[in-house]
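Read through the structure below, which is laid out as structure tokens, and then see the notes.
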Amino acid sequence: MGAGVDARVAIVDDHELVALAVQNLLADAEGLTFARHADTVAALTSRAADADLVLLDLSLRDGSTPAENVASLRRWGAHVLVLTSGEDPFLVRAASRVDVAGIVRKSAPPAALLDAIAAAASGEHVATTEWASAVDADPLLQGAPLTEREREVLGLYASGLGAREVAGQLFISENTVNDHLRRIRAVYQLIGRPATSKVELYQRGIEDGFVPGPRRV
Amino acid sequence: MSDDESGLRAARLVIIRASAFLIVVVAVVNAGFVSQGEQQGFPLWYTSFGSASGAVTVAVGLLAPLLRARALRLGAALALAMYVVFVALFPLAAHVGQVERMPWLLTASSAAVAAALVAGGVSWGWVTVLFGAMAGVVYRLGFGGFDVGGVINDVHAALTASVICVLGGYVLSVGAGLDEAASVRRAAGSREYAERGRLAARTRTAALVHDEALATLALAASPLPVPRDRLAVQARHAVAMLARLIDDDAGDTASFDAALLAEARAHDAQYLSSAASVPPLPAAVREAFLGAARQALDNSRRHARGTRRTVSVRVTGGTVEVEIADDGVGFDPSLIADDRLGVRQSIVGRMTRVPGGRARVQSMPGEGTRVVLSYAPESRVEVAALGDRRSLRRGAAFVGVGFIVLQTVCAVAMVIAAPSSWPRQVAILLVVVIAAEALRRSPGLVPSRGRTVVVVAAALLGAFITVVAAPTTYGDLWPVVALAFLLVGLALRGRFRTALAAAAVVAVMVVGGGVADGIPLGQIVALTARPALIVVIATVMLLTVRRMQRRIAALHHQAAAAEEQESWSRGARAELRERTDELARTVVPLLSRIGEGQPASADDRHEYAALEGALRDGLRAGSLSREPLRSAVAAARGRGVDVVLLDDSDQSLPEVEVRAVVAWMVDAIAQAQRIAVGRLLPPGRQTVASVTVDGRALVFDGTDQGSVTSFHGE
């Protein structure tokens, strides 16, 4: 975060205690303030936007789906960082396909959790092993327009390495690794975007540069 | 009521009743003969025995619904035995009395054939057909009556008996087929649903562990500052929830009504129960109903706040309908995108995935929303067990060939008896053969309209020629019976009504001709009985089989549904008990300790973290969640190492390889200081597993070469 205003962090979780823990975690963190806790996304967004980042529990018990929740939080105007307790990869994938900053395990070491929150609050992508392994194992990704190098980076990341170690292993810079991860995330979210018609799919392909568009000579 | 043989039993009922009916007809026809002074002269004991034999058959037919399977077969066997003895004693009776001609009565073997089918199956039936035919030939040779009328009568009697045998065999095969289909379904359903029940219980337990235990343990393990007393409250709550798990199982075994009521209550909806009780539903249908209703209620609560919601159940016939209605804002269903999870997948999809399930969503902006879920048992079993159609066709073909041969015999016999009638006999034989061929060559089971018209026209024309041109005697009327068999063929192939109508017209012609010729009524009855009867019996039996198929299929379906639900609950309960026991050993003690609210030491924290990790592994580690890796990982977590196990394989890895990977990971994780990630890779990669220990990635290589497995030596 740059100097000046703190980023406001809200949390949506069934368990008040988790919210309490996060609140305590943020109390000492620089550049971050705790905004609010709500049980459901609907309860949070019923008020005017008062958070820059929302920590969203992946499996809320109100029957809502990650995709719906993320969509309404994004409309509300906040970035979303998903918290999991170690979910099944299908839920993680469902969340990864929508516009989330990242997916973090609740039981991750506090420092790692705090880093992730800070990065997500400033709109950065948070790559974690949970996210990478779920995405890497998704059969949908097989047909996705990823380069060999990108797949390699994703595989290594999914095996539990951090950006620095991946960079070391592939003899590239850490920044390059992060670039790759960002693109992978973008491509993956693209796969998840529903296209309701073939025409739309084609148009999107052109927009995204995967399909060569009609050209005037 | 449905036992394993209800199909076969129903089939036997149909056949034994047909047998009793045939006996009654035989008695009437015989009375006709007797009234004319024919076929008399037997000693009293023989007549009495014959009557008793018939009475036994009728009695068994009437009492059949009350008899057990064994008693029914024994009764039928008794009736059959009496018939055989009756026929066998004829020489004695003829010797004692004054009999100048073998009586017609002895040749009427159809009823006995039907009894034989019930007593011993198709093979007994054919043996009886053969016995009747042989007895006819032998007795006619020995006691007189080997003339045209006699031979033609015997021919038709044998043919009638054969038709009864083929039809009865078909009915039996339908019954047995239904039973077999049902038992296959039950065996499969029972296993499948026990498994589903287990799965549901496991899912429910996993959800609870995830929502309550995991969250609590993660907080307890983390060094994050959390108020101890609050944590203790949450831990106690988690323990209570886990303890209640096994009691909640009532929610799954409770009646459908109660389960729906619970759903309605949970969503502030009014519940209107149906007047009729809901029939037992297959477990999958139950799950679909409850899941879809829950989703519909949830949608309603989210989009139509503060309105009146009702859940109602209706049972009409076999159809069960659950309606979820509100008087809220409503919406335009056509505007919902196809991929919106709520309506399309969770409601409509859920219902349509079960066979026989449907869902309609009716809504208009401002008009409220009605979601109607319905289920009508599909007659899947009925389709699966059409009976042995092949054997029916084979039997029909056999009878068809016999038919042509025997009608030719009849024609030849008539030409020998009355040489001048040969043009008529040949013409009629030709008509009969052409019609039979037209029927036989029909490509589908049900003959086309054109073929049907040909057969009916041939039957009517042949009957007309015969009645007008020939004197009214049994021998001369052979074509009428032959044509009646053609109509039976028509009925066998599904043209019931046409066959019956044509048979009625033929019967009217014969009666008309007989009256015009001034023949006594008894004789007319005797002449008309066979042609009319075979068509009627064939039609009735086939129609009964159709009805029986539906009824038995429904019966089996209900039994199977009940059994499926039963095994579902059994599976679920067994699984719940296992899980609860396991949780009581592992999770509950630690949660209880947290519930006491004592400050946690670093060792405590590591212990909580180890358990939290183990529970997490239950969700994500797949085939890696096994010994000895589990112990190694627990030990590492106990040292404070953050261990993550991920199974991204498609579970297709051979057991040997999984074991090798596990052994390899055990060694690697034993070295970990801070963090370790073990992962089974998706299929199609160069290696099957990787492990990253404190920032160093290793890949499993499977063989002993390469640096990766020499981790120890470094």
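So the sequences go chain by chain: A and B. Residue numbering for the first sequence is 1 to 217, as defined by this note's numbering. Residue numbering for the second sequence is 1001 to 1714, as defined by this note's numbering. We put the CB at the ideal spot given by N, CA and C, even for glycine. Computed from a predicted model, the values in this text were never measured in an experiment.
- PHE1485/B and VAL1311/B have their C-alpha atoms roughly 58 Å apart.
- Taking GLU1566/B as reference, the option from VAL1656/B, GLY1368/B, ARG1198/B, VAL1454/B with the minimal CA-CA separation is ARG1198/B.
- Note on geometry: alpha-carbon atoms of SER173/A and ARG183/A lie some 16 Å from one another.
- At the C-beta level, VAL166/A and VAL153/A come within 8 Å of one another.
- Against chain A, the beta carbon of GLY1356/B has no neighbour under 8 Å; the closest one sits roughly 26 Å away.
- Sixteen is the threshold: since fewer than 16 other Cβ atoms of the shown chains lie within 10 Å of the Cβ of PHE90/A, the residue is exposed.
- In chain order, SER133 make up the part of chain A whose C-beta sits under 7 Å from the C-beta of LEU1646/B.
- The residue from ASP6/A, SER159/A, LEU20/A with its alpha-carbon nearest to that of ALA1220/B is LEU20/A.
- Interface annotation, GLY1328/B: not in contact with chain A, CB-CB separation never under 8 Å.
- Using a Cβ-Cβ cut-off of 9 Å, ASP14/A is close to ASP1211, ALA1215 of chain B, given in chain order.
- The shortest CA-to-CA distance from ALA29/A to any of VAL12/A, ARG97/A, LEU44/A, ALA119/A is the one to ALA119/A.
- A contact between stretches requires three or more CB pairs, one per stretch, nearer than 8 Å, and the region 1506-1518 of chain B fails this requirement with the region 1132-1140 of chain B.
- Under the 8 Å criterion on CB atoms, ASP115/A is classed as non-interfacial with respect to chain B.
- Comparing alpha-carbon positions, the option among SER1623/B, ILE1152/B, VAL1163/B lying closest to GLY1395/B turns out to be VAL1163/B.
- Shown here for SER1649/B: same chain residues with a beta carbon closer than 8 Å to its own, the five before and five after excluded, namely GLY1622, SER1623, LEU1680, LEU1681, PRO1682, PRO1683, VAL1688 in chain order.
- Any Cβ of chain B closer than 8 Å to the Cβ of VAL126/A would place that residue at the interface, and such an atom is absent.
- Where THR1319/B is concerned, the enclosing beta strand (DSSP E) starts and stops at 1319-1326.
- Judged by pairs of C-beta atoms under 8 Å, the region 1573-1583 of chain B does not touch the region 1180-1187 of chain B, as fewer than three such pairs exist.
- Judged by pairs of C-beta atoms under 8 Å, the region 1052-1063 of chain B touches the region 1013-1026 of chain B, as three or more such pairs exist.
- The residue among LEU1260/B, PRO1280/B, ALA1079/B, LEU1062/B with its C-alpha nearest the C-alpha of ALA1559/B is PRO1280/B.
- Taking one beta carbon from each stretch, the region 1666-1680 of chain B and the region 1637-1649 of chain B have 3 or more pairs nearer than 8 Å; the two touch.
- Of all residues in the region 1689-1700 of chain B, the ones placed with a Cβ closer than 7 Å to any Cβ belonging to chain A are SER1690, THR1692, GLY1695, ALA1697, in chain order.
- For GLN1407/B, the number of other beta carbons within 10 angstroms of its own is at least 16, and it is reported as buried.
- From the beta-carbon of LEU25/A, the residues of chain B found nearer than 7 Å are LEU1224.
- THR84/A is bridged by DSSP to ARG105/A.
- Runs of the alpha helix (DSSP H) lying entirely within the region 29-103 of chain A and spanning at least 4 residues, in chain order: 41-45, 66-76, 89-96.
- Considering only beta carbons, no part of the region 1590-1604 of chain B lies closer than 7 Å to chain A.
- Contact between the region 1446-1462 of chain B and the region 1489-1499 of chain B is present, with at least three C-beta pairs closer than 8 Å.
- Neighbours of GLN169/A in chain B, taken as residues at a C-beta separation under 9 Å, are given in chain order as ALA1697.
- Apart from the 5 residues on each side of it in sequence, LEU146/A sits with its Cβ closer than 7 Å to the Cβ of ILE184, VAL187 in its chain, given in chain order.
- By DSSP's assignment, THR1205/B forms no beta bridge with any residue.
- Judged by DSSP secondary structure, ALA1676/B falls within the beta strand (DSSP E) whose first and last residues are 1675-1680.
- Nearest to GLY1695/B by alpha-carbon distance, out of ARG97/A, LEU161/A, HIS79/A, is LEU161/A.
- Within 8 Å of the CB of LEU156/A, the CB atoms of chain B belong to ALA1697, in sequence order along the chain.
- A distance below 8 Å separates the beta carbons of CYS1165/B and LEU1117/B.
- Taking C-alpha positions only, THR1466/B is separated from PHE1033/B by approximately 23 Å.
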